[in-house]
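All remarks here apply to the structure that follows.
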Amino acid sequence: MHYNDYYRYNESRYDYDEPEFYDIRITANNNNNNNTATINEDIYSYPENFSNAIALIEEAIAGEEEDRLFYTYLINNAPTAEDRQIISGIRDNELRHHSLFLKLYSELTGQTAPQLPGERFVPPSSYCEGLQRSIIGEESAVAKYRQILFAMQNRVHINMLTEIITDEIRHGILYTYLYSKNNCNI
Numbered sequence: 001m002h003y004n005d006y007y008r009y010n011e012s013r014y015d016y017d018e019p020e021f022y023d024i025r026i027t028a029n030n031n032n033n034n035n036t037a038t039i040n041e042d043i044y045s046y047p048e049n050f051s052n053a054i055a056l057i058e059e060a061i062a063g064e065e066e067d068r069l070f071y072t073y074l075i076n077n078a079p080t081a082e083d084r085q086i087i088s089g090i091r092d093n094e095l096r097h098h099s100l101f102l103k104l105y106s107e108l109t110g111q112t113a114p115q116l117p118g119e120r121f122v123p124p125s126s127y128c129e130g131l132q133r134s135i136i137g138e139e140s141a142v143a144k145y146r147q148i149l150f151a152m153q154n155r156v157h158i159n160m161l162t163e164i165i166t167d168e169i170r171h172g173i174l175y176t177y178l179y180s181k182n183n184c185n186i
């Protein structure tokens, strides 16, 4: 999961627009001359969605270093032992997810995942801002990971993605608890 990945997050409305899909195909509508575009939403159709799923798995793997630095920041700035324990548990889950994504990539492609550059870590201005980023990041991860899930055919792979997605949902709930408990009001 990438904590700087807000898609097109609109902070003024505390809402977000659905992310654009990586493998989306926009074609000009040739039936009229108004240059409108139609979007082919094949995110649910295998094998059309497979290349998008592989790209998203690569992206999930690439963010490991940024994630590690982010968790270190949160743990070091957590005000209580309970906060540190919760964040450490989430970090441990995320390390497992990274291993699962590596295994998934290898099984789906027959190759080792490429070493792609990850995002540069930008420390939050406060613990509360870090929690806010985490909540939004977990939600963004669920939106991405379900696209990967849509491309899975093997029951074991479906189960792996289900574990990852349900963990991300739980993490969002835990971060929301910490945000509320710490009276964050960003």
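The UniProt record's numbering puts the last residue of the sequence shown at 186; the count rises by one with no breaks.
C-beta atoms are modelled at their ideal positions from N, C-alpha and C, and glycine is treated no differently.
Since we're looking at a predicted model, the values are computed, not measured.
- If GLU138 sits next to GLU66, beta carbons under 8 Å apart, how far is it from one beta carbon to the other, in whole angstroms? Numbered from 1 along the sequence shown, position 138 holds the residue referred to as residue 138. Numbered from 1 along the sequence shown, position 66 holds the residue referred to as residue 66. The beta-carbon distance between GLU138 and GLU66, rounded to whole angstroms, is 15 Å. This is too long to meet the 8 Å contact definition.
- Under 8 Å Cβ to Cβ from GLU58, same chain only, skipping five residues before and after it: list those, please. Mapped onto the sequence shown, residue 58 falls at position 58. The residues are TYR105, ALA113, PRO114 and LEU116.
- Task: Following the continuous alpha helix (DSSP H) through SER126, name the residue where it begins and the one where it ends.
- Result: Here residue 126 corresponds to residue number 126 of the sequence shown, with the count starting at 1. Neither: SER126 is in no alpha helix (DSSP H) and is coded neither H nor E.
- Just tell me which of PHE121, ARG155, MET160 and ILE136 has its CA closest to the CA of LYS103. Start at 1 with the first residue of the sequence shown, and residue 103 comes out as number 103. Taking only the C-alpha atoms, the option nearest LYS103 is MET160.
- Task: Flag this pair as yes or no: are the beta carbons of GLU168 and ALA151 separated by less than 8 Å?
- Result: Counted from its first residue, the sequence shown places residue 168 at position 168. Counted from its first residue, the sequence shown places residue 151 at position 151. No. Outside cutoff.
- Task: Grab the span of the alpha helix (DSSP H) containing GLU66 for me, first residue to last.
- Result: Sequence index remark: in the sequence shown, residue 66 carries index 66 (1-based). If you look at GLU66, you'll find it in the alpha helix (DSSP H) that goes 64-77.
- Task: Please state if the CB of TYR127 and the CB of ASN183 are separated by a distance shorter than 8 Å.
- Result: The residue labelled residue 183 in the question sits at position 183 within the sequence shown. The residue labelled residue 127 in the question sits at position 127 within the sequence shown. No, Cβ-Cβ distance for ASN183 and TYR127 is not below 8 Å.
- Keeping to the same chain, check which residues put their C-beta closer than 6 Å to that of LEU174; ignore five residues upstream and five downstream. Walking along the sequence shown from the start, residue 174 turns up at place 174. Within the same chain, and ignoring the five residues on either side of LEU174 in sequence, the residues whose Cβ sits closer than 6 Å to its Cβ are ILE86.
- If we count the other Cβ atoms within 10 Å of its Cβ and call it buried at 16 or more, is SER134 buried or exposed? Residue mapping note: residue 134 aligns to position 134 of the sequence shown, counting from 1. Here SER134 is buried, its C-beta having at least 16 other C-beta atoms within 10 Å.
- Message: Applying the 10 Å Cβ sphere with the 16-neighbour rule, what's the burial state of GLY172?
- Response: Taking the sequence shown and counting its residues from 1, one reaches residue 172 at position 172. GLY172 counts as buried, since no fewer than 16 other beta carbons sit within 10 angstroms of its beta carbon.
- CA-CA distance, GLN147 and PRO79? If you number the sequence shown from 1, residue 147 lands on position 147. If you number the sequence shown from 1, residue 79 lands on position 79. For GLN147 and PRO79, the distance between alpha carbons rounds to 36 Å.
- Rounded separation between TYR145 and GLY63 - CA only: Here residue 145 refers to the residue found at position 145 of the sequence shown. Here residue 63 refers to the residue found at position 63 of the sequence shown. Cα-Cα distance, rounded: 14 Å.
- Item | Enclosing alpha helix (DSSP H) for GLU107 [first to last residue] | Here residue 107 refers to the residue found at position 107 of the sequence shown. Annotation: the continuous alpha helix (DSSP H) that includes GLU107 extends over 81-109.
- By a C-beta neighbour count over all protein chains shown, 10 Å radius and 16 as the cutoff for buried, is ILE165 buried or exposed? In the sequence shown, the residue the question calls residue 165 occupies position 165. Label assigned to ILE165: buried.
- For ILE43, which three-state DSSP category applies? In the sequence shown, the residue the question calls residue 43 occupies position 43. ILE43 sits in coil when the DSSP states are folded into three classes, being neither helix nor strand.
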